[in-house]
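Under the numbering used here, the first residue of the sequence shown carries the number 3, and numbering increases by one thereafter. Have a look at the structure below, then the notes.
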Amino acid sequence: MVSFKKVTKRYNELAVLDCLDLDVFQGEMVTIIGPSGSDKTTVLRILMTLETISGGVIYVNGKPLTHMPQGDRLVRANSRHLRQMRSNIGMCFQHFNLFPHMTALENCMEGPVHVLGISRKEARERSEELLDMVGIADKRDQHPSRLSGGQQQHLAIALFDEVTSALDPEVIAEVTNVIRRLDNRFHESGL
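Next up, the structure:
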């Protein structure tokens, strides 16, 4: 579960988020809708701690993300706490951000191995299953440059990139169904 409690983000005097309260429960998918420039991405960047908040607290699974306990109060989190908390959070970007020197399978394995500390064997099994679920298991040994745009998009889905960017409505429905299947399989939350 992810909870934003009175989260504020300011750039000098400009408040782009003002006391945001938001709860995303395990298994729940939430869509943030707004025009370009309305700081939807800022919410995600804050969740990933790529941006600091000006006020409030963010909790992940009941534990403070942006702060840490010190005695009976919360103080700003140090880098060690942030790294530990971020190991269970991932952000999907609008652009594919695939490692060009790695195969599709290696791209899928990178995070689980190096961030989550999962064994290469388990990461390979999970990644092969994900690639199969998104329909590109036969492309697992291809580098991103050898994949079509649609295949790169499917690989991005496996990595939870911004999966519906630049897609037509029919493909968006297909992508949504894949995400639901992944959610049913792994019971994750999405924002």
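All residues carry an ideal CB built from backbone N, CA and C; glycine is no exception. The structure presented is a predicted model; accordingly, all values stated were derived computationally and were not measured.
Bridge partners of residue i, per DSSP?
{"i": "residue 70", "result": "77"}
Tell me which residues share the same chain as residue i and place their Cβ nearer than 7 angstroms to its Cβ, disregarding the 5 neighbours each side in the sequence.
{"i": "residue 90", "result": "62"}
{"i": "residue 144", "result": "105 and 106"}
{"i": "residue 55", "result": "9, 10, 11, 48 and 68"}
Within a Cβ cutoff of 6 angstroms, which residues of the same chain sit near residue i, ignoring the five residues on either side of it in sequence?
{"i": "residue 57", "result": "10"}
{"i": "residue 1", "result": "Because the chain in this structure spans residues 3 to 193, residue 1 falls outside the shown range and cannot be described."}
{"i": "residue 22", "result": "6 and 9"}
Given residue i, which residues of its chain have a CB within under 8 angstroms of its CB, disregarding the five upstream and five downstream residues?
{"i": "residue 147", "result": "102"}
{"i": "residue 126", "result": "107 and 111"}
{"i": "residue 37", "result": "none"}
What residue range does the beta strand (DSSP E) around residue i cover?
{"i": "residue 18", "result": "16-26"}
{"i": "residue 32", "result": "No beta strand (DSSP E) contains residue 32, which DSSP labels as neither H nor E."}
Flag this pair as yes or no: are the beta carbons of residue i and residue j separated by less than 7 angstroms?
{"i": "residue 60", "j": "residue 27", "result": "no"}
{"i": "residue 109", "j": "residue 118", "result": "no"}
{"i": "residue 133", "j": "residue 122", "result": "no"}
{"i": "residue 66", "j": "residue 52", "result": "no"}
{"i": "residue 4", "j": "residue 41", "result": "no"}
With a floor of 3 residues, list each beta strand (DSSP E) that falls wholly inside the segment 76-154, ordered by position along the chain.
Counting only runs of 3 or more, we get nothing.
Which parts of the segment 39-63 are runs of the alpha helix (DSSP H), unbroken and 4 residues or longer, counting only runs that do not cross its ends?
List check, alpha helix (DSSP H) in window: 42-49.
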